[in-house]
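Report on the following structure.
2 protein chains.
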Amino acid sequence: MSRVRVHNFSISLDGFATGEGLSAEEPFGHAGERLHEWMFATRFGRAMSGRPGGTEGVDDAFAERHEPGIGAEVMGAGKFGPPGWQDDPDWRGWWGPNPPFHTPTYVLTHRPRPPIEMEGGTTFHFLDAPPAEALAVAREAAGGRDVRLGGGPTVVRDFLAAGLVDHFHVVVVPIVLGRGVRLWDGLEALEEQYDVATVSSPTGVTHLTFGRRA
Amino acid sequence: MSRVRVHNFSISLDGFATGEGLSAEEPFGHAGERLHEWMFATRFGRAMSGRPGGTEGVDDAFAERHEPGIGAEVMGAGKFGPPGWQDDPDWRGWWGPNPPFHTPTYVLTHRPRPPIEMEGGTTFHFLDAPPAEALAVAREAAGGRDVRLGGGPTVVRDFLAAGLVDHFHVVVVPIVLGRGVRLWDGLEALEEQYDVATVSSPTGVTHLTFGRRA
């Protein structure tokens, strides 16, 4: 059975996965890039933007698990663009002509539009559907491979609350954001459904993996 | 200059330092002992309740820093007893005749009472004072040694917000409590005043230390 996986999902110590004041200029609002610096420094993160080099330690080991075995991605509207992207018929995502997904990619939105075929194997499909239904569509497209749930926090929380996530990799960055969108709300006792493992990195971030109990 | 230190301050992944529904029977409410199991398993934790044995790894190394160099403790009313202890003239704390403080110990409360001298060097004093003022009293009593800020979350948060804490050891336990009293509220960008170090333990908890920048 194909699994549903979340990778490289970064939060602050106080549990915020994104800041306040999201815009086209500030995709993460007042959080800036602070939640993702750990990843940009890795070999995986640098390769995503076409640069060589990068660290190859524990941060990279976790980061690169983003790729193997994935046949489709599901993401929330908040990941695909800044607030209001639905009013821009030309918006094609943040990622330029060749987005880093390389599979069918399902964007959950109450205002669906026709699919957009990008370079490198990514096709954006727009779905107005609840989690389980969206997942069924993505799973079909994944052809037996796993489905990556790409975020943002609202979608990850909804899928976790619905018991639909098999592997959840969360990265705690040692900053106090103070405001934004929280991950953990409504997920009391989540750990009871998972085996949880923890390892900190010399960079100061802590990787937690939630693997669903058999 | 004597420092203000917080040790072994445990929170859940979602930032709660205590649960909901605190009472004489459930000092941590629905959290039970889950936030403190890591400490009870250490040599330090076992010795506190007069038992031999216990683990001696990274959890113990951090836990035992609770003791050396401390000349006084300051704690909130919420640590000294269950809700309503102020109405019980015979309440002498949770810890039996020989509490684990062994120094003058200042309990912040809006309803002060006369001091209580316990066995083993602990004397409970009751103070109705704001953080800086309470600290001045405790510092005087500490005679040049450090002052430990013992919790609970409201008091730790107030002292952090007032910039009065020099060393803060916080332990993130990989559970989602969902409700209770949060630590991080109102502390946005706290990390900017500190050098932060992170290490996870094989037990699954993560130790963070905030050391005030020189």
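Sequences listed follow chains A and B, in order.
For what it's worth, this note's numbering labels the leading residue of the first sequence as 902, then goes sequentially.
For what it's worth, this note's numbering labels the leading residue of the second sequence as 902, then goes sequentially.
Just so you know, even glycine gets a beta-carbon here, dropped at the ideal spot from N, CA and C.
| Asked | Found |
| --- | --- |
| Between Pro984(A) and the ligand FMN, is the CB less than 7 angstroms from at least one heavy atom? | Absent from the structure shown: the ligand FMN. Ligands present: none. |
| Report the residues of the segment 990–1019 of chain A with a CB closer than 9 angstroms to any CB of chain B, ordered along the chain. | none |
| If you scan the segment 1009–1090 of chain A from start to end, which runs of the beta strand (DSSP E) of 3 or more residues do you find wholly inside it? | 1024–1028, 1047–1050, 1068–1074 |
| Count the other CB atoms, across all protein chains shown, that sit within 10 Å of the CB of Asn909(A); report buried if there are 16 or more and exposed otherwise. | buried |
| At 9 angstroms on the CB atoms, spell out the chain B contacts of Glu1092(A), in chain order. | Leu914, Pro1075, Ile1076, Val1077 |
| Would you tell me roughly how many angstroms separate the C-alpha atoms of Val1048(A) and His967(A), rounded to the nearest one? | 11 angstroms |
| Going along chain A, which residues have a C-beta under 7 angstroms from Gly1112(B)? | Ordered by position in chain A, no residue passes the 7 angstroms Cβ test against Gly1112(B), which lies about 12 angstroms from the chain. |
| If you reduce the DSSP assignment to three classes, tell me which class Met976(B) lands in. | strand |
| What's the gap between the Cα of Phe917(A) and the Cα of Gly1105(B)? | 21 angstroms |
| Alpha carbon to alpha carbon, what distance is there between Leu1009(A) and Glu1119(B)? | The question about residue 1119(B) has no answer, for chain B in this structure spans 902 to 1115. |
| Tell whether a beta-carbon distance below 8 angstroms holds between Asp1086(A) and Arg1114(A). | no |
| Just how far apart, CA to CA, sit Leu1036(B) and Arg1083(B)? | 23 angstroms |
| Just the Cα atoms here: how many angstroms apart are Phe981(A) and Gln987(A)? | 10 angstroms |
| Exposed or buried, which one is Ser911(B) when buried takes at least 16 other CB atoms within 10 Å? | buried |
| Work out the CA separation of Pro1075(A) and Thr1107(B) for me, nearest whole Å. | 11 angstroms |
| What's the gap between the Cα of Pro1032(B) and the Cα of Arg1058(B)? | 11 angstroms |
| Whose Cβ in chain A lies nearer than 7 angstroms to the Cβ of Arg1109(B)? | Per the sequence shown, residue 1109(B) should be read as Leu rather than Arg. Within chain A, the residues near Leu1109(B) are Pro1075. |
| Could you say which of Gly970(B), Ile1017(B), Pro1005(B) lies nearest to Asp991(B) if we only look at CA atoms? | Ile1017(B) |
| What residues of chain B sit near Gly1100(A), judged by a beta carbon separation below 8 angstroms? | According to the sequence shown, residue 1100(A) is Val rather than Gly. What Val1100(A) touches in chain B: Ser1101. |
| In whole angstroms, what is the alpha-carbon distance linking Gly1053(B) and Met976(B)? | 7 angstroms |
| Are His1068(A) and Val907(A) touching if we call contact CB-CB under 8 angstroms? | yes |
| Just to confirm, are Ala973(A) and Ala1063(A) a CB contact at a threshold of 8 angstroms? | no |
| Candidates Gly930(A), Arg935(A), Ala948(A): which alpha carbon is nearest Glu1092(B)'s? | Arg935(A) |
| Where Arg904(B) and Ala1098(B) are concerned, what is the direct C-alpha to C-alpha distance, given to the nearest angstrom? | 18 angstroms |
| With DSSP as the reference, please indicate the residues paired to Gly1112(B) in a beta bridge. | His1068(B), Asp1096(B) |
| Can you tell me whether DSSP reads Val959(B) as helix, strand or coil? | helix |
| I'd like the list of long-range same chain contacts for Ala1039(B), defined as Cβ closer than 8 angstroms, with 5 residues on each side in sequence excluded. | Ala973, Glu974, Val975, Pro1005, Tyr1007, Val1048 |
| In the DSSP output, which residue or residues are listed as bridge partners for Thr1006(A)? | Glu974(A), Phe1025(A) |
| Going by the DSSP bridge assignment, what does Phe910(A) pair with across the sheet? | Val1071(A) |
| Please report the distance separating the alpha-carbon of Phe1111(B) from that of Asp960(A). | 22 angstroms |
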